[in-house]
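The working numbering applies: residue 88 is where the sequence shown begins, and numbers increase by one. Notes follow the structure.
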Amino acid sequence: MTPDMMIAAVLILPLLIAAGIAATGWLPNLREGVTFVGAGLLFAIVIMLSLQVAAGGRPELYIGEAAPGLEFAFKLEPLGALFALVASGLWIVNSLYSVGYMRGNRERNQTRFYICFAFAILGAMGVAMSANLFTLFVFYEVLTLSTYPLVAHKGDAAAQRGGRIYLLTLLGTSIGLFLPAVMWTWVLAGHNLDFVQGGLLAHAHVSPAVASALLILFAFGIGKAALMPVHFWLPNAMVAPTPVSALLHAVAVVKAGVFTIMKVSIFIFGPDLLDATPGREFVMWVACFTMIVGSLIALTKDNLKARLAYSTIAQLSYIVAGAMLANSSGFLGGSLQIAAHAAGKMTLFMCAGAIYVATGATNISDMKGLGRKMPLVFIAFLIGSLSIIGIPPLAGAWPKYELMQGAIDRGNAYLPIVLIVSSLLNIAYLLPIPFLALMPPPGTKEPKPFKRPDGAPMPTVLAPLITALLCLILFFAVGPVSDFLAPSMGDRAAAVAAGGLP
């Protein structure tokens, strides 16, 4: 199979999976078998494409022009391949988890749920493999529209309200800010929107004021990155079933946002223009503010999914901050955070869902001592928490190291302090949950009883154990991953990849 055929297969396969799910919806086992087989095939093709990228290739597929200068085209480079690997690989784990959760919780409209998931993965793959801003914008919107029914899945008043906020916020920011930024870029670049190594606008003689205005439009127009104050859609989206929160709001949707920020920073502005853009410092301050305030709000939340949602808001800003450092260490740290946060936060969300299916508990105050009845779930939660905090030997340690290095390289005195404070807040809002569950204080009342005789379904326990293991694997795989990303990141990333991270 040629590279262009493989890209076409990645884009067509989710549509075939959706059709297969619709055709077999009346046979649940067969329907979910279609999901598993399709997800496995998709991941295998993405791996083959990524191997070509690792060997120096850049697989491409040209579809045609929607209008003069607006091309539907795809080109896979290392950063896009990383995002595609993360989204397609974790779809397999999430599919396993979904079987246990959706059946164990007796959710309605399961066929529609799996169909929308397939379309959402199509959106994520399109974003990952886009060769230009126009193609990326189209698939960015596909991802928004396909995930709206998932957010509003339960159909009650809370779900409908959460879905409306989700849809209106993401469409409003993308049409009101992101689209004008794309159009402005098209004009500045001479009717071109291609992602270019070193930056499409690097030689376009853009003034500092124009570059700053354009960067701010991108930063807040890419609402999926959840910078404050364009963040409130994410906590409201937690009304969705936990598999939606786990993959789409810990992996595909929010990562599409910060991935787009990274792509714009590296391939539209480029490090030199970004470094010379005064608005970069403003976006950096907003990212730091979001890290701290998001973490402080997380501390106040007793509802576990709400706490994790605000944690995600804070953690996404690590990637934005890495992009705004405008150097190779910042770009590398932000890119590593895409994978590390996906594995860690997906683990936490899936644990929250397993607890809910088994006991009906949603509040942290009701989970004291529950670790004695669900030890594997809370051990996985502990591992995911330690990774999010950044404790070696877990994946979350490397992004913070690289972000610190990037801040030192450019003489930024406040970002290391913000990262340290953020890590301390991570400890404060995450570690008490597994500790009180596994080692409750004396006199604690009996843990909440199971609402199901056999507790959490096995798939809802196995899936977070897999992603917890992935947190460990990613820590030791940082050398190959950095080597893979080096061509997109710059000279220091290449040196790091050649010698390994110190």
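Backbone N, C-alpha and C define an ideal beta-carbon position, used for all residues, glycine too.
| Check | Outcome |
| --- | --- |
| C-alpha gap between LEU232 and TYR253, whole angstroms | 10 Å |
| Segment contact, 8 Å Cβ cut-off, at least three pairs: the segment 410–426 with the segment 467–486 | yes |
| Limits of the unbroken beta strand (DSSP E) element including LYS162 | 157–162 |
| Pairwise C-alpha distance: LYS460 and PHE226 | 43 Å |
| LYS455, buried or exposed, once every other Cβ within 10 Å from all chains shown has been counted against 16 | buried |
| Backbone CA spacing between CYS558 and ALA396 [nearest angstrom] | 19 Å |
| Buried/exposed call for PHE563, threshold 16 Cβ in 10 Å | exposed |
| Per DSSP, cross-strand counterpart(s) of GLY151 | PHE159 |
| Distance between ARG118 and ALA393 (C-alpha atoms, nearest Å) | 31 Å |
| Close beta carbons around ILE208, own chain, < 6 Å, minus the five adjacent residues each side | PRO101, TRP178 |
| Start-to-end residues for the alpha helix (DSSP H) that takes in PHE226 | 220–238 |
| For GLY344 and ILE309, believed in contact at Cβ under 8 Å, the rounded distance | 5 Å |
| Collapsed DSSP secondary structure at ASN390 in the structure displayed | strand |
| Chain-order list of residues whose beta-carbon lies under 7 Å from that of VAL180 (same chain, five-residue window excluded) | ALA550, ILE553, THR554 |
| Bridge partner(s) assigned by DSSP for ASN86 | Past the boundaries of the shown model lies residue 86; the chain is included only from 88 to 589, so the question cannot be answered. |
| Buried versus exposed, by CB contacts within 10 Å (16 or more), PRO540 | exposed |
| Spatial distance of SER404 from MET349 (CA atoms) | 12 Å |
| Near the ligand MG: PRO328 beta-carbon under 6 Å from a heavy atom | Questions concerning the ligand MG fall outside what the structure shown contains, since it holds no ligand whatsoever. |
| Neighbour-count burial assignment, GLN284, 16 or more Cβ in a 10 Å radius | exposed |
| Segment limits, alpha helix (DSSP H) that includes TRP271 | 266–275 |
| Segment limits, alpha helix (DSSP H) that includes GLN197 | 197–216 |
| Nearest to TRP273 (by Cα), restricted to the options ALA374, LEU518, PRO567, GLU158 | GLU158 |
| Sub-7 Å separation of LEU302 and THR234 beta-carbons | no |
| Integer Cβ distance of THR48 from PRO536, believed to fall under 8 Å | As displayed, the chain neither begins before 88 nor continues past 589, which places residue 48 out of reach and without an answer. |
| Residue of ALA215, ARG195, PRO165, PHE161 minimising C-alpha distance to SER175 | ALA215 |
| Residue environment, THR547, which counts as buried when at least 16 other CB atoms sit within 10 Å | buried |
| Buried versus exposed, by CB contacts within 10 Å (16 or more), HIS336 | buried |
| Three-state class that DSSP yields for ASP541 in the structure shown | coil |
| Counted within 10 angstroms of its Cβ, other Cβ atoms place ASN116 as buried (16 or more) or exposed | exposed |
| Beta-carbon proximity list for HIS318, same chain, < 8 Å, skipping 5 on both sides | THR377, GLY381, ILE400 |
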